[in-house]
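Report on the following structure.
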Amino acid sequence: MKDKINVLYEDNHIIVVEKPINILSQSDNTHDIDMLSLVKSYVKDKYNKPGNVYVGLVHRLDRPTGGIMIFARTSKAASRLSKQIKENKIKKTYLAVIPNFKEKKGTFIDYLKKEDNGNTIVTNKENGKYSNLNYELIKEKNNLSLVEIELITGRHHQIRVQFASRGYPLYGDQRYGKEDRKQLALFCYKLEFIHPVKKEMMSFIIYPNYGIFKEFKEFFNEKK
171 MKDKINVLYE
181 DNHIIVVEKP
191 INILSQSDNT
201 HDIDMLSLVK
211 SYVKDKYNKP
221 GNVYVGLVHR
231 LDRPTGGIMI
241 FARTSKAASR
251 LSKQIKENKI
261 KKTYLAVIPN
271 FKEKKGTFID
281 YLKKEDNGNT
291 IVTNKENGKY
301 SNLNYELIKE
311 KNNLSLVEIE
321 LITGRHHQIR
331 VQFASRGYPL
341 YGDQRYGKED
351 RKQLALFCYK
361 LEFIHPVKKE
371 MMSFIIYPNY
381 GIFKEFKEFF
391 NEKK
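Going by my numbering, the first residue of the sequence shown is number 171, and it counts up by one from there.
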């Protein structure tokens, strides 16, 4: 089991991993494989731990979204990382491919509401939660735009909804766009946070290498 996850960093307090696309962050009623269970199995196998293993879920990525996730290995680390999340001290930066998106740089501010059917909609201040992101167009190729997105607030489907509501659904977004049978092009490629015990600033970067992201492979190689 442990050879199935890409571990970027681990110590006695935290473990940082890459979540593959189309894997759940935590278990749901589908009972499909999920990252929390995979990380628990990894820790249990690697350190020969008997019984239940503690691993704390600190944040989530949507099922079709790949990228970097941090898990806590102690309840103290989980509490401190959760506090950083609430105070917007964990910086999550994404890459998205968006067809024909031409705006160079900007900020989107909306009020979003998650509906009973699982979709999120743009609404007003009275009914929705404040949602904020910054974006920058960093590369264009074949009418495709590679956009870097700094997520300020972490609302349900936030990036997908904020772009789609402006007429720019993400490539492969089967829920908020019109494409089907294509992989959603959204990836959390950079994660920055303060170590919950050592108090050091931690920063991790990985670039996506699947689906339409392969169009930008040369650009990613230059950045490494």
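The C-beta atom is built at its ideal place from N, Cα and C for all residues, glycine as well.
Counting other Cβ atoms within 10 Å of its Cβ, K360 reaches 16 or more and is therefore classed as buried. Close CB contacts of D232 within its chain, under the 7 Å cut and outside five residues either way in sequence, are with H327 (chain order). Pairwise C-beta distances place the stretch 344 to 363 in contact with the stretch 221 to 237, as three or more of them are shorter than 8 Å. Exposure of K275 is indicated by the presence of fewer than 16 other C-beta atoms within 10 angstroms of its C-beta. Counting C-beta atoms within 10 angstroms of its own C-beta, P378 has 16 or more neighbours from the protein chains shown and is therefore classed as buried.
Remark: fewer than three beta-carbon pairs, one from each stretch, lie closer than 8 Å, so the stretch 380 to 391 and the stretch 192 to 210 are not flagged as touching. I291 has K283 as its beta-bridge partners, per DSSP. Looking at the DSSP output, T277 shares a beta bridge with N304. Of all C-beta pairs linking the stretch 342 to 350 to the stretch 299 to 319, fewer than three are shorter than 8 Å, placing the two stretches out of contact.
Nearest neighbour of L206 by Cα position, chosen from P339, E310 and V187, turns out to be V187. If you look at N391, you'll find it in the alpha helix (DSSP H) that goes K387 to K393. Nearest to P366 by C-alpha distance, out of I193, T244 and F333, is T244.
Cβ-Cβ distances below 7 Å link E285 to I291 in the same chain, with the five nearest sequence neighbours on each side left out; the list follows chain order.
Looking from the CA of L307, the closest CA among T293, G237, L282 and F333 belongs to F333.
With fewer than 16 neighbouring CB atoms inside 10 Å of its own CB, G221 falls in the exposed class.
By the neighbour-count criterion, in which a residue is buried when 16 or more other Cβ atoms sit within 10 angstroms of its Cβ, Y380 is exposed.
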